[in-house]
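Peer 1: I am attaching a structure below and will ask some questions about it afterwards.
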Amino acid sequence: TANAPIFGVNVNGLINVWNKNAETVTEFSREDTKGKNLVRDFIREEHRDRVQEVFTKALNGDETANFEFPLVTKAGKSVEILLNATTRRDEQGNVIGVVGIGQDITARIAQEQEYSRLIDSANAPIFGVDMNGDVNVWNVCSANLTGFLASETLGNSLVDNFITPQYRPMVAEVISRALRGIETANFEFPLMNKTSTKLISILLNATTRRDETGKVVGVVGIGQDITARMAQEQEYSKLIDTANAPIFGIDLNGLVNVWNRNASKLTGFASEEVMGRNLVNEFITEDYKERVQDVFTKALNCEETANFEFPLVTKAGVRVEVLLNATTRRDEQNRISGVVGIGQDITARMNQEQEYARLIDAANAPIFGIDVEGSVNVWNQC
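In structure tokens:
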């Protein structure tokens, strides 16, 4: 009545146990199998040697657990069985045969094969390692991306053979954490390319891999090739850094994460001195902090501001007037990640305008002006 296929053979390999579940799984009744040779009559030819070896070992007292093999059904189909082969003894302790307690894993095997096909045909690099860090999954996309075929990677250490030396400790740590059940998302690292010195930048999700009992058996990494994106970002970074205008950026917390050369030249602060510091609190004059913070808060809520004038404080304590366009910054998933400000130093222009205003006001002649609506906007002392 056991809810598992159980069958047994005597010392000659002839079937003498065949329970109801074995009948259900194979469609052979007990009468159909009794006295027949299990290996010769119910195992496909290509698997007979392996199965016979397991039974021979069990007849010598060497039992086997979790041995996978296919049984042939009455309809000629294969049923995948996971077997524990146990030595059978009489009351005197003499070996009289072998009993096998199995589990029908046909559906599980089919599912694993389907998963394997999905992984292999996925439009993303997917690779996995076992408990020793050796590659045991390497899909077609990984092969196309790196030039290394699965046959060249399987069984080899991922970290030692396919990661650049400077990144090996970091990648090893990510794998080690995943083997302890601590998964990592969006980890960037470079993979080696077989045919080129050019590295491939991968954005990786490292996931703990478990067997059907929940035991950790390795790590699978689902990646994204971000080589082109990284190259583009580096190009953008160069353009920003060499731009003939002060450009600075902040993250969601208002901390500086972009500070180009022109911003350094204008303020006297090198990028290393400002990175990670609060822009408003530390580099804006007290009378403008609230207004500048309001501009940044609006930009973080997708409300961008153009031609906003505000003063920056230089390292020497001098006030520099900046005309700013504050633009919302987004990541590759289009999520808001901060604000970038492209500015223009208008200190000289402001000084000139103030000088013109003083000259007009002190002129020995009546000077007045109107705007486009005819309203007075200049009226000097004379």
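Counting in the numbering used here, the sequence shown runs from 1160 upward without gaps.
Every residue gets a Cβ at the ideal spot worked out from N, C-alpha and C, and that includes glycine.
This structure is a prediction, so every number in the text was calculated from the model and none was measured.
1) Should P1177 be labelled buried (16 or more other beta-carbon atoms within 10 Å of its own) or exposed?
2) Is the stretch 1222 to 1230 close to the stretch 1188 to 1195, with three or more CB pairs under 8 Å?
3) Is F1455 near V1498, with beta carbons less than 9 Å apart?
4) Output the distance between the C-alpha atoms of G1220 and T1246, rounded to the nearest integer angstrom.
5) Using DSSP with H/G/I as helix, E/B as strand and the rest coil, what is L1425?
6) Which two residues bound the contiguous beta strand (DSSP E) that contains L1230?
7) Could you check how far apart the C-beta atoms of V1415 and L1438 are, in whole angstroms? I think they sit under 8 Å.
8) V1213 by DSSP, collapsed to three states: which one?
9) Please tell me whether I1278 and V1296 are closer than 9 Å, where the distance is taken between their beta carbons.
10) Give me the residue from Q1325, F1321, L1317 with the minimum Cα distance to S1335.
11) Name the two residues that bound the continuous beta strand (DSSP E) containing R1455.
12) Among the candidates D1446, V1479, F1469, whose CA atom is the shortest distance from the CA of K1424?
13) For F1214 and N1298, what's the separation of their Cα atoms in angstroms?
14) Can you say whether C1461 is buried or exposed, counting buried as having 16 or more other CB atoms within 10 angstroms of its CB?
15) How about N1180 and A1163: are their beta carbons less than 9 Å apart?
16) Using C-beta distances below 8 Å, list every residue in its chain close to F1286, excluding the 5 sequence neighbours before and after it, in chain order.
17) Is it buried or exposed, G1363, if we count other Cβ atoms within 10 angstroms and call 16 or more buried?
18) By a C-beta neighbour count over all protein chains shown, 10 Å radius and 16 as the cutoff for buried, is D1319 buried or exposed?
19) Which one of L1459, I1399, D1370, R1368 has the shortest CA to CA distance from I1409?
20) Just to confirm before moving on: does the CB-CB distance between I1341 and T1367 stay below 9 Å?
21) Have a look at L1242 and G1261 and give me their C-alpha separation to the nearest angstrom.
Peer 2: Taking the coordinates as given:
1) By one-based count along the sequence shown, residue 1177 stands at place 18. First, the amino acid is wrong: residue 1177 is Trp here, not Pro. Classification for W1177: buried.
2) no
3) As a position in the sequence shown, residue 1455 is number 296, starting the count at 1. As a position in the sequence shown, residue 1498 is number 339, starting the count at 1. Taking 9 Å as the Cβ cut-off, F1455 and V1498 qualify as a contacting pair.
4) Numbered from 1 along the sequence shown, position 61 holds the residue referred to as residue 1220. Numbered from 1 along the sequence shown, position 87 holds the residue referred to as residue 1246. The alpha-carbon atoms of G1220 and T1246 are separated by roughly 6 Å.
5) Taking the first residue of the sequence shown as 1, we reach residue 1425 at position 266. Correct three-state label for L1425: helix.
6) For the purposes of this step, residue 1230 is identified with residue 71 of the sequence shown, where counting begins at 1. Start and end: 1223 to 1231.
7) To locate residue 1415, count along the sequence shown from 1; it is residue 256. To locate residue 1438, count along the sequence shown from 1; it is residue 279. Indeed, because the Cβ distance is near 5 Å, the residues count as touching under 8 Å.
8) Looking up residue 1213 in the sequence shown gives position 54. Helix, per DSSP.
9) Here residue 1278 is taken as the residue at index 119 of the sequence shown, counted from 1. Here residue 1296 is taken as the residue at index 137 of the sequence shown, counted from 1. Yes. Within cutoff.
10) Looking up residue 1335 in the sequence shown gives position 176. Ranking the options by Cα distance to S1335, first place goes to L1317.
11) Here residue 1455 refers to the residue found at position 296 of the sequence shown. Here the sequence assigns Phe to residue 1455, which means Arg is not the residue at that position. It is not in any beta strand (DSSP E) - F1455 instead sits in the alpha helix (DSSP H) that spans 1448 to 1459.
12) As a first step, residue 1424 is located in the sequence shown; it is residue number 265 there, counting from the start. Nearest C-alpha to K1424: V1479.
13) Sequence index remark: in the sequence shown, residue 1214 carries index 55 (1-based). Sequence index remark: in the sequence shown, residue 1298 carries index 139 (1-based). The alpha-carbon atoms of F1214 and N1298 are separated by roughly 36 Å.
14) Residue 1461 sits at position 302 when you count from the first residue of the sequence shown. By the 10 Å Cβ count, C1461 comes out exposed.
15) Position 21 of the sequence shown, counting from 1, holds the residue named residue 1180. Position 4 of the sequence shown, counting from 1, holds the residue named residue 1163. Their beta carbons are under 9 Å apart, which means N1180 touches A1163 by this criterion.
16) As a position in the sequence shown, residue 1286 is number 127, starting the count at 1. Here the set comprises V1294, V1296, W1297, N1298, S1301, T1312, L1317, V1379, G1380, G1382.
17) Walking along the sequence shown from the start, residue 1363 turns up at place 204. Checking the sequence shown, residue 1363 turns out to be Leu, not Gly. Buried is the call here.
18) Here residue 1319 corresponds to residue number 160 of the sequence shown, with the count starting at 1. Classification of D1319: exposed, given that the 10 Å Cβ count is below 16.
19) Counted from its first residue, the sequence shown places residue 1409 at position 250. It is L1459.
20) For the purposes of this step, residue 1341 is taken as residue 182 along the sequence shown, with counting starting at 1. For the purposes of this step, residue 1367 is taken as residue 208 along the sequence shown, with counting starting at 1. Their beta carbons are under 9 Å apart, which means I1341 touches T1367 by this criterion.
21) Numbered from its first residue, the sequence shown carries residue 1242 at position 83. Numbered from its first residue, the sequence shown carries residue 1261 at position 102. Near 4 Å, if we compare the C-alpha coordinates of G1261 and L1242.
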